[in-house]
C-alpha cells in the first residue's frame, strides 16, 4: 500500500459494503457492571491499568498520570476546536447513531485530558492493519487503534482482553476521543482519534460505527487506511489547544471532548483513593488531578494528609475506613521478610485445599495470641502450578490479616501486580481486615488468564483460562478462600470445659415434654362435683429398637458405621454436625464460618453409601450396603463436636 501523509487530517467513516453483516458495538457493556461502580471508577481503573502495563523499562521512576478537567471558563470555543472535527459533525448528529444527547458544535466544548509519563507510548508499526495474535514483537499501536477484543498483552500484564480502551469513548457524550503518543524507542510522535457510534445513515449512505481521525489513504484497489498525523506543526497546535504537557516525553495523552457529567474531579479522586491505593502507596504510581483551578498531587507521603483535608467530601465513615486501609497497607508494604509465617505447600498432584496440615510445624499458640492482640500477620503461601503442557511452575502469594475491634464487618482486598481485583466474596465475620497480594510471575499469569474483561473477578470458565491448567478451579478457590480460611484457623479458641454440659462428648436433644390438653371423657372422667376420679392407666413406654449403626468419636471428627442388629436398615441417614456451646442448642448456633463439610479442611471418606448432599453442617447419604462406614474428619481438635443423626425411610 502506498501511503501519504500529505492529505489534510479528517474524520473517516467507512460506508457499508453490500451484504455486510451489521453488528453494533457492545464492548462498553463489559464496564457497566455494578462491581466496578460508576463511570469514573471504570475510567480510572482502565486508563491507569494501561499506563502501569506500559511502564518504561529504562527508568525506575514511578508512572505519573495527569488528569485535567477543562470546563466553564476553560472550555474551548468553536474557532479553537473546529479544525479537529472536520467531517464528523454530520455523523455525530445523525439519527440512530447511538448517542443519548445532541452535541452543540456552536457553543463551548468542555474536555478531559489523561496523560501518562514514564511509560513507553504506543510502540509498533503505525501503518499495520492486521496482526496475527501469535506474532512476536510489539504491536501496541495497531492493537490500540485498530483492534477490539484482541490484545498483545500476556504474562503478568494487568490487561489482556483489548477492551479497556472502550472506556475512553464511553466517557464522552459524543463517544469520541483523541490520542497523542510519543514513543520511547524512537521519540516519534503520532496523533489519531476514534469515534464509536452505531451503524447509522448519513450523506444518503449507511456507515460503519467506527470512525477514525487521521490521514486518509487508499491504494490502487481503493482499500482505505487512516494513518496517524505526524506533522509537527499540527501536533503542536493540538497540544496547545488541549493543554497537553507531553513536550516530547514518551507516553500517551488522551483527550475526551464533552465528558459525561458524572466524571468530575471529586469522583475521580474518590475512585483513585479506593481503586489505586496500593500502587500509590507502593511508590509505583503518582497522580495529578487538575480541576476548578486547583491542583492535587497524590503521592505516597501525602495520601492520608489529602484524605484528612476531605476537600472531596467523602462521607465520614468511608473516610475513616480509607484512612485505616492506608495505615494497614503501609504496614504491609514494609513487612519484614523475616516476619512471614510460611505455610506448607499443598500437594501439586491434587486440587489444593486449605487443610490443618498446611500449618504443621508452626507455633499456633503464639500466632493466635499475636492475632488476637491486633498485630498484622503475614503468611507466605507457596504453590506449585501444574499446566496442561505438563510443565510445573513454582509460585506463591502473601496473605495479610489483622483483627480490628472497630470494624463492624470484614474487609477483603485482592491485589494482583499492584492492581485491585474487585468482585471477590466478602467474609461474613466481623473485625477482620485481610489482603491477598499476588506479585509472583506464575501465579499472577494464571490469575490474569482467569480475569474477565473488566478485571473484577477470577472465573474458572474464562476462555483464556479453562483447559490450560490442571486443577485450575481449585487454584482459584484456594486463593479466593485464603483470607477466610486463615482467619477461621486463627479464630478457633479452646473453650473452657463445662462438665455439666460436656458430660457426654456428643450433644443429644431431649424430647420435649408432651402434655395432654384433652382429658379423657366418660362416666369416670372426673367431671362434676363428688365424682370419683379414676386416673388413666399409664401406657408403658415402648423401648426404642437399637439403631443399626453407631457413632464413634475420633480425633478431629467421627466415624459412623453399621453394627449387626436385627433392626431394619434405613434408606438414608441425615447427620448434622456443630461445635458444642455452653448454653443453648449448638445446631441452631451453627455458623458457616465454623466449618463447611463440603470445604477443606473437612474431609468425608465413605464405603457402602452414596453421598447425596454435603453442605454447611449437614451430610445426607443413601445406604447401599448393610455394612457401611463414614469417616468425617478435619474439625477443630480443640473444640467439642456435637452430632445428631436422623434415619429416613422410603427415600430410595
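In the working numbering, the protein residues as written are 1 to 652.
Virtual Cβ for every residue (Gly too), placed ideally from N, Cα, C.
Computed from a predicted model, the values in this text were never measured in an experiment.
The Cβ atoms of residue 114 and residue 47 lie closer than 9 Å to each other. The residue among 167, 458, 124 with its C-alpha nearest the C-alpha of residue 136 is 124. Judged by DSSP in its simplified three-state form, residue 229 adopts strand.
Per DSSP, the beta-bridge partners of residue 217 are 225. Per the Cβ contact rule, the segment 65-78 is not in contact with the segment 226-240 (fewer than 3 Cβ pairs under 8 Å). A direct Cα-to-Cα measurement between residue 176 and residue 92 gives close to 9 Å.
Residue 245: not part of any alpha helix (DSSP H); DSSP gives it neither H nor E. Shown here for residue 329: same chain residues with a beta carbon closer than 8 Å to its own, the five before and five after excluded, namely 277, 278, 281, 435 in chain order. The alpha-carbon of residue 291 is positioned some 6 Å away from that of residue 265. No residue range can be given for residue 94, since it is assigned to no beta strand (DSSP E) and is classified by DSSP as neither H nor E.
Within the same chain, Cβ atoms closer than 6 Å to the Cβ of residue 628 are found at 562, 608, 609, the five residues on either side in sequence being excluded. Distance from residue 121 to residue 167 at the Cβ level is roughly 19 Å; contact not present, criterion being Cβ atoms closer than 8 Å. Of all C-beta pairs linking the segment 335-348 to the segment 380-387, three or more are shorter than 8 Å, placing the two stretches in contact.
In this chain, the alpha helix (DSSP H) harbouring residue 47 covers 39-53.
Counting every other CB atom within 10 Å of its CB across the protein chains shown gives residue 582 a total below 16, marking it as exposed. The Cβ atoms of residue 484 and residue 569 do not sit closer than 9 Å to each other. The Cβ atoms of residue 208 and residue 13 lie closer than 9 Å to each other. The DSSP-derived three-state label of residue 578 is strand. Annotation for residue 235: 180, 189, 191, 229 place their beta carbon closer than 8 Å to its own, counting only its chain and skipping 5 residues before and after. Under the 8 Å Cβ criterion, the segment 339-352 does not count as touching the segment 301-312, having fewer than three qualifying pairs. Distance from the Cα of residue 473 is smallest, within the candidate group 467, 460, 465, 479, for 460. The Cβ-Cβ distance between residue 612 and residue 620 falls below 9 Å.
By the Cβ neighbour-count rule, residue 409 is exposed, with fewer than 16 other Cβ atoms within 10 Å of its own.
Note on geometry: alpha-carbon atoms of residue 325 and residue 306 lie some 14 Å from one another. Setting aside the 5 residues that flank it on each side, residue 246 is surrounded in the same chain by 115, 180, 182, 189, 239, 253, each with a C-beta closer than 8 Å to its C-beta; the list follows chain order.
Contact between residue 289 and residue 269 holds: CB atoms are separated by about 6 Å, below the 8 Å threshold. Around the beta-carbon of residue 119, 16 or more other beta-carbon atoms lie within 10 Å, marking it buried. The secondary-structure analysis by DSSP pairs residue 85 with nothing; it has no beta-bridge partner. Rounded to whole angstroms, the Cβ separation of residue 580 and residue 642 is 5 Å, and the two are in contact under 8 Å. Rounded to the nearest whole angstrom, the C-alpha separation of residue 445 and residue 419 is 14 Å. Residue 10 and residue 262 do not touch by the CB rule: their CB atoms are close to 31 Å apart, not below 8 Å. Burial check for residue 392: the Cβ neighbour count within 10 Å stays below 16, so the residue is exposed. Along the segment 266-341, the alpha helix (DSSP H) occurs as fully enclosed runs of 4 or more residues at 277-281, 303-309, 316-333, listed in sequence order. Per DSSP, the continuous beta strand (DSSP E) segment holding residue 560 begins and ends at 557-562. Contact between the segment 398-406 and the segment 359-378 is present: three or more C-beta pairs spanning the two stretches fall below 8 Å. Annotation for residue 365: the continuous alpha helix (DSSP H) segment containing it runs 364-372.
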